[in-house]
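K.L.:
In the numbering used here, the protein residues as written are 591 to 797.
1. Figure out for me which residue from 726, 725, 734, 780 has the closest Cα to the Cα of residue 745.
2. State the DSSP-derived secondary structure class of residue 780, mapped to helix, strand or coil.
3. Which word fits residue 657, buried or exposed, when buried means at least 16 other C-beta atoms lie within 10 angstroms of its C-beta?
4. Label residue 791 either buried or exposed according to how many other C-beta atoms from any shown protein chain fall within 10 Å of its C-beta, with 16 as the threshold for buried.
5. Under DSSP, the alpha helix (DSSP H) around residue 735 begins and ends at which residues?
6. In the DSSP output, which residue or residues are listed as bridge partners for residue 669?
7. Mind checking residue 668: buried by the 16 CB within 10 Å criterion, or exposed?
8. Output the distance between the C-alpha atoms of residue 655 and residue 673, rounded to the nearest integer angstrom.
9. What separation, rounded to the nearest whole angstrom, lies between the Cα atoms of residue 714 and residue 706?
10. Taking just the CA atoms, how far does residue 741 sit from residue 759?
11. Could you pull out every residue in the same chain whose Cβ sits closer than 6 Å to the Cβ of residue 660, ignoring the five residues on either side in sequence?
12. State the start and end residues of the unbroken alpha helix (DSSP H) segment that holds residue 695.
13. With the cut-off set at 8 Å, would you say residue 710 and residue 702 are in Cβ contact?
14. Spatial neighbours of residue 677 within its chain, please: C-beta separation below 7 Å, excluding the five flanking residues on both sides.
15. According to DSSP, is residue 791 helix, strand or coil?
Structure representation (structure tokens):
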């Protein structure tokens, strides 16, 4: 690109309301000189500033733009003494990614210890709150079932076994008592009767 073509392109950009300094581009020495000349023409140097100082300040603006964008100056990473060190777009973008990754890790850990199923911990599917809650519930149900069965065999009345009201410890104890004292006992109502024979007939008299 010759200087005349470059100047025409720059003039067109400036006339369209675009500042030449807003372009991010590495120019050749000749193109940079032409750019600075055109910028100086469109925007005169501040009062009291010589040409060399003005050119240097323009170059500094280009370096600062690079530093604040990606944390490098002329392709070299900035050091801790630079105002753009850990204070540039690339750095903040990387920090945002790290924070997002950390948040995802924390969320996975919480899910792992709550219900498992994340694949982040060995044995997590049998070492989580939901699993232990289910174990506790099963144990409670088992205990309740054992208690009901024990009552069925002791006194009946639970509805868990066929014939349990005439096949339990209490029923047979009452029958044993009746046999020992010539008293018959209704196993369901527990009503006691005396067995008597009168004139060849068998009678039950409630006690």
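The beta-carbon is built from N, C-alpha and C at its ideal position, and this holds for glycine as well.
P.N.:
Well, looking at it:
1. Sequence index remark: in the chain shown, residue 745 carries index 155 (1-based). Among 726, 725, 734, 780, the Cα nearest to that of residue 745 is on 780.
2. In the chain shown, residue 780 corresponds to position 190, counting from 1. DSSP places residue 780 in coil when its eight states are reduced to three.
3. Counted from its first residue, the chain shown places residue 657 at position 67. With 16 or more other Cβ atoms within 10 Å, it is buried.
4. On the chain shown, position 201 is the one that residue 791 refers to. Flag for residue 791 reads exposed.
5. Residue numbering aside, residue 735 sits at position 145 when the chain shown is read from its first letter. Note, residue 735: alpha helix (DSSP H), 719 to 744.
6. The residue given as residue 669 occupies position 79 in the chain shown. The partner list for residue 669 (beta bridge, DSSP) is empty, contrary to what the question assumes.
7. Within the chain shown, residue 668 is the residue found at index 78, counting from 1. Its Cβ being crowded by 16 or more others within 10 Å, residue 668 is buried.
8. Numbered from 1 along the chain shown, position 65 holds the residue referred to as residue 655. Numbered from 1 along the chain shown, position 83 holds the residue referred to as residue 673. Whole-angstrom Cα-Cα distance: 12 Å.
9. In the chain shown, counting from the first residue as 1, residue 714 sits at position 124. In the chain shown, counting from the first residue as 1, residue 706 sits at position 116. If you take the alpha carbons of residue 714 and residue 706, they lie about 5 Å apart.
10. As a first step, residue 759 is located in the chain shown; it is residue number 169 there, counting from the start. As a first step, residue 741 is located in the chain shown; it is residue number 151 there, counting from the start. If you take the alpha carbons of residue 759 and residue 741, they lie about 10 Å apart.
11. As a working mapping, residue 660 is identified with position 70 in the chain shown. Answer for residue 660: 680, listed in chain order.
12. Against the chain shown, residue 695 aligns to sequence position 105. Looking at the DSSP string, the run of the alpha helix (DSSP H) that includes residue 695 is 679 to 704.
13. Residue mapping note: residue 710 aligns to position 120 of the chain shown, counting from 1. Residue mapping note: residue 702 aligns to position 112 of the chain shown, counting from 1. Yes.
14. Residue 677 sits at position 87 when you count from the first residue of the chain shown. Once the five neighbours on either side are set aside, residue 677 has no close Cβ partner at all.
15. What you label residue 791 is simply residue 201 of the chain shown in a count that begins at 1. Looking at residue 791 - three-state DSSP - the assignment turns out to be strand.
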